[in-house]
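Please read the structure below before turning to the comments.
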Amino acid sequence: MTISIVIPAYNEEKGIGNTLEAVKKLTRLPDELLVVDGGSTDKTASIAQSYGAKVLSIPHRGIGFARQQGLEAATGDIVAFTDADTLVPFDWTEKIISTLKQPNVSAVYGGYKVTKPSWKGFLYWAFINFGNPILFQITSAFGLHIGGGQNIAFWRKKAVESGGFPVDFKSVEDYEMLRRLKTVGRVIYHPHNFVLSSGRRGEEGIGSIPRTIRGMFLYFTTGKADTFTFPDIRETTTKK
């Protein structure tokens, strides 16, 4: 059984090194480490290569497109996604593999917490770190899966069978992917496999919360992604 870790990235030179350092410390190392560089104009690609990652260079067409390109390029039996501003725990892949080995499981996802970047990000930090674990437990109990793309894994063949990521989605592509994977097997929320992401979305201030809720509401009521795009914030990184 082999596992690929795929990391989409766009101008992430300030944080991707920390992400790849965490990957190097996994007790079960990946058989393939793939960084999908979506047209970065900084040193993202060269930093990734310095950590031994294979870099796939693609046009900058949004996160849904980037994740799908990563899925198509990955060779592992299992494909695990995280983000370039995220730290995975040392036993992340072990928990992923043990869960996916259960009968008829197509996908597993875990929660995420964020760092608190500044006073502006306090409400966002509280919303994600305290609200999300409760929300994930409730929604997963009702068969609604809102796992983030920074902590999602699945059998590659099942993902291909389900249709893969929606390439035209600029957000909530992870929700749609889990919905598709649910049609080919069981999707499981793992409540004890958290990752730590940058809290930079909180730099937008309180507006980041209704923006996030709006995207969730629109997707689950219409099945479509919102047309909004998040502000492009690249300064805050995640550090140990």
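Quick note on the numbering used here: the sequence shown kicks off at -18 and runs consecutively. By construction, the Cβ of each residue, glycine as well, lies at the ideal position given by its N, Cα and C atoms.
Mapping DSSP to helix, strand and coil, what is residue i?
i	result
Glu13	strand
Asn174	strand
Tyr93	strand
Thr8	coil
Arg42	coil
Val86	strand
Asp18	strand
Ile127	coil
Val69	coil
Lys151	coil
Determine the extent of the alpha helix (DSSP H) in which residue i is found, giving its start and end residues.
i	result
Phe(-11)	Correcting the residue identity first, residue -11 is Pro in this sequence and not Phe. Per DSSP, Pro(-11) belongs to no alpha helix (DSSP H); it is in the beta strand (DSSP E), Ile(-16) to Ala(-10).
Lys(-5)	Careful: Lys(-5) lies outside any alpha helix (DSSP H) and carries neither H nor E.
Ala122	Asn113 to Ala122
Ser79	Trp73 to Leu81
Lys163	Glu154 to Lys163
Roughly how many angstroms lie between the CA atoms of residue i and residue j, to the nearest whole one?
i	j	result
Asp72	Asp155	22 Å
Glu184	Ser178	14 Å
Arg48	Trp100	32 Å
Val86	Gly130	18 Å
Thr80	Ala122	17 Å
Ile119	Gly57	31 Å
Pro84	Trp136	12 Å
Leu116	Tyr93	12 Å
Tyr170	Ser143	19 Å
Lys82	Val89	10 Å
Pro40	Gly180	26 Å
Leu37	Met(-18)	23 Å
Ala29	Ala(-10)	10 Å
Thr193	Thr63	19 Å
Gly43	Val17	12 Å
His126	Arg160	7 Å
Gly51	Ala61	10 Å
Asp66	Ala3	11 Å
For residue i versus residue j, is the C-beta distance shorter than 8 Å?
i	j	result
Glu13	Lys(-5)	no
Gly45	Phe198	no
Thr22	Leu68	no
Does residue i pass the burial test, meaning 16 or more other C-beta atoms within 10 Å, or should it be called exposed?
i	result
Gly33	exposed
Thr8	exposed
His173	exposed
Glu53	exposed
Asp149	exposed
Ser27	exposed
Between which two residues does the beta strand (DSSP E) carrying residue i extend?
i	result
Phe103	Not the beta strand (DSSP E): Phe103 falls in the alpha helix (DSSP H), residues Phe103 to Ala107.
Ala61	Ile59 to Phe62
Ala29	Segment Thr25 to Ser31 is the alpha helix (DSSP H) holding Ala29; no beta strand (DSSP E) there.
Ala134	Ile133 to Trp136
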